[in-house]
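Beneath this line is the structure, given in structure tokens, with notes to follow.
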Amino acid sequence: AQSVTQLDSQVPVFEEAPVELRCNYSSSVSVYLFWYVQYPNQGLQLLLKYLSGSTLVESINGFEAEFNKSQTSFHLRKPSVHISDTAEYFCAVSGAAGNKLTFGGGTRVLVKP
Amino acid sequence: GAVVSQHPSWVICKSGTSVKIECRSLDFQATTMFWYRQFPKQSLMLMATSNEGSKATYEQGVEKDKFLINHASLTLSTLTVTSAHPEDSSFYICSARQGAGMNTEAFFGQGTRLTVV
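In the order they appear, the protein sequences are chains A and B. The first sequence begins at 1 in our numbering and counts up by one. The second sequence begins at 1001 in our numbering and counts up by one.
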């Protein structure tokens, strides 16, 4: 069985400040890790993913996440946020043997001017 | 990226009626589709996994007779909420994956907000 814990349900942050969204997982098998973003009343969009290789993965809009196997974490960071980054962010895990995603509880990011 | 379209975006129905939600992969063939349910301010909960041409696999606690899933073609899956009740009101999201390997990304529809009155 797999589980994902997002420690912060809400993160208020000022524009141009850095932000970190924490994600920890548990799994008995090797995992693949994902971050998704959800804007109000919309589906999910993939932000970035870790499948193998370099433990640091980046998205095209400035987010990055680092897979830390020893700490079973996949925290998401952005050095400088924009108002448009206001959204809900979900961390998800998928096992090697299957392809269904298990989601964390989500972190709501509110960027203030 | 690939596009997954859900229809309708929102629907209001009377208690006791049935509602069908469609999920289409517009520019790829989806061998596997997933249906999720999301309550307000909560995460997505997987309801079922469907593979084209076979019966859906439901997660524990999901009533298969209430939430009927059909994946008749490689581009279309439907979720029918039968005899809907107010507690079925939720945001339903589908996702579709091309192939079964882990390098294949799952693309999500925009969701359907169901309100049962």
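Ideal placement from N, C-alpha and C gives every residue a C-beta, glycine not left out.
- With its beta carbon less than 8 Å from one in chain A, B:Glu1105 belongs to the interface.
- Under the DSSP assignment, B:His1071 falls in the beta strand (DSSP E) whose first and last residues are Phe1067 to Ser1073.
- At a cut-off of 8 Å, the C-beta of A:Leu56 has no neighbouring C-beta in chain B.
- With a minimum length of 3 residues, the unbroken runs of beta strand (DSSP E) contained wholly in the segment 43–82 of chain A fall at 44–50, 56–58, 64–68 and 73–78.
- Apart from the 5 residues on each side of it in sequence, B:Ser1083 sits with its Cβ closer than 8 Å to the Cβ of Gly1016, Thr1017, Ser1018 and Lys1066 in its chain, given in chain order.
- Against chain B, the beta carbon of A:Phe103 has neighbours under 7 Å at Ser1043 and Leu1044, listed in chain order.
- When secondary structure is reduced to three states using DSSP, B:Glu1105 falls in the coil class, being assigned neither helix nor strand.
- Put simply, of B:Leu1046, B:Gln1110 and B:Gly1061 the residue whose alpha carbon is nearest the alpha carbon of A:Pro40 is B:Gln1110.
- At a cut-off of 8 Å, the C-beta of A:Gln2 has no neighbouring C-beta in chain B.
- The CB of A:Phe90 comes closer than 8 Å to the CB of Ser1043 and Leu1044 in chain B, given here in chain order.
- In this chain, the beta strand (DSSP E) harbouring B:Ser1077 covers Leu1076 to Val1081.
- A Cβ of chain B is located within less than 8 Å of the beta carbon of A:Gln42.
- DSSP places A:Pro12 in the strand class (E or B) of the three-state scheme.
- By the neighbour-count criterion, in which 16 or more other beta carbons inside 10 Å mark a residue as buried, B:His1071 falls on the buried side.
- When rounded, the separation of the alpha-carbon atoms in A:Gln45 and B:Ile1093 is 12 Å.
- Going by C-alpha positions, A:Ser84 is about 10 Å away from A:Lys112.
- By the neighbour-count definition (other C-beta atoms within 10 Å, threshold 16), B:Val1003 is an exposed residue.
- Looking from the CA of B:Leu1044, the closest CA among A:Val81, A:Lys69, A:Ser26 and A:Phe103 belongs to A:Phe103.
- Taken through DSSP and simplified to helix, strand or coil, B:Glu1022 comes out as strand.
- If you keep only unbroken beta strand (DSSP E) runs of at least 3 residues inside the segment 1037–1063 of chain B, you get 1044–1051.
- Within chain A, the residues whose beta carbon sits less than 9 Å from that of B:Gln1110 are Asn41, Gln42 and Gly43, listed in sequence order.
- When the beta-carbon positions are compared, B:Gln1038 and B:Gln1098 stay at least 8 Å from each other.
- Around the beta carbon of B:Gly1061, a 10 Å sphere encloses fewer than 16 other beta carbons of the protein chains shown; the residue is thus reported as exposed.
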